[in-house]
Amino acid sequence: MFTSPPLRVWVRACVSVLLVGLLSLQPVLRLIRSTQYSPAAQLYSLPLQSTGWVKMHIEDTVHYQLNGPSAAEEYASMLPPGGHLVFVGAAQHPHTVALFHQLHCLNIVREAYIHVDEPNSLARHCMNYLRQTILCLADTRLELVRRPSGNRVTSFSSDYICRNWTAVYEAAAAYEAV
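When we follow my numbering, the leftmost residue of the sequence shown carries the number 7, and every step to the right adds one.
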């Protein structure tokens, strides 16, 4: 049985870092894409006019808990109503937007965590995928440490400038299967 407390702590930390990292690194990604990638690389991104930017105050919330009466519904609501597949390009091959893949994996890891079962291959895939995503984003933002000695607790209560994810959902809806 899978009950190791250090693993649970590690999973919780990874999920927290992922949420903060994914929602706050979009300005860095835009700079990287605009300076290092060729125009051909845009074929691998969802066609967007512009997402714009939004301010998000990162803090603990009563929403998106690991378990509880509304947890499954809240996590499911993060995926578009029509599903996470989009069909782009002349051949109309199915794709998923990385944002939706990451959110879907976050929910799979959450479910594996609360059911305390031996992780299945899908949960292992998701942990590896989320780990690679965190490394790829390589967030270098400095976060305040509330207690510099003893147990270190990072403060998640601050403002971040994020890509307007609503625009990503709207663009994905335009490329859903009909």
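Where is the CB? At the ideal position from N, CA and C, for every residue including glycine.
Helix, strand or coil at H63 according to DSSP, with G and I counted as helix:
In the structure shown, H63 sits in a strand (DSSP, three-state: E or B).
Apart from the five residues on each side of it in sequence, which residues of its chain come closer than 8 Å, Cβ to Cβ, to H107?
Cβ neighbours of H107 beyond the five flanking positions: H90 and Y135.
S238 lies in the alpha helix (DSSP H); which residues open and close that run?
With the chain represented from 7 up to 184, any question about residue 238 goes unanswered, as that position is not in the structure.
Alpha carbon of A104 to alpha carbon of A118, nearest angstrom
Straight-line Cα distance between these residues: approximately 21 Å.
Given C132, which residues of its chain have a CB within under 7 Å of its CB, disregarding the five upstream and five downstream residues?
So the qualifying residues of the chain are C111, I114 and V115.
Is DSSP giving H121 helix, strand or coil here?
The three-state secondary structure of H121, taken from DSSP, is helix.
State the Cα-Cα distance for the pair L54 and Y175, rounded to the nearest angstrom.
The straight-line gap separating the alpha-carbon atoms of L54 and Y175 is approximately 10 Å.
Do you know offhand how far E80's Cα is from G95's?
The alpha-carbon atoms of E80 and G95 are separated by roughly 32 Å.
Within the same chain, show all residues whose beta-carbon is closer than 7 Å to that of L109, passing over the 5 residues directly before and after it, in chain order.
Annotation for L109: M84 and L85 place their beta carbon closer than 7 Å to its own, counting only its chain and skipping 5 residues before and after.
Span of the alpha helix (DSSP H) holding T172?
Start and end: W171 to A180.
Can you give me the C-alpha to C-alpha distance between S164 and R147, rounded to a whole angstrom?
Each residue's alpha carbon lies about 11 Å from the other.
My assumption, with CB atoms under 8 Å, is that Q71 sits in contact with A78. Please give the rounded CB distance.
So it is not a contact: roughly 10 Å between Cβ atoms.
Please report the residue range of the beta strand (DSSP E) in which V68 lies.
Run containing V68: none; DSSP gives neither H nor E here.
Could you check where the alpha helix (DSSP H) with Y50 kicks off and where it finishes?
Taken as a continuous stretch (DSSP letters only), Y50 belongs to no alpha helix (DSSP H), as it is neither H nor E.
Residue environment, L150, which counts as buried when at least 16 other CB atoms sit within 10 Å
Exposed, since its Cβ has fewer than 16 Cβ neighbours within 10 Å.
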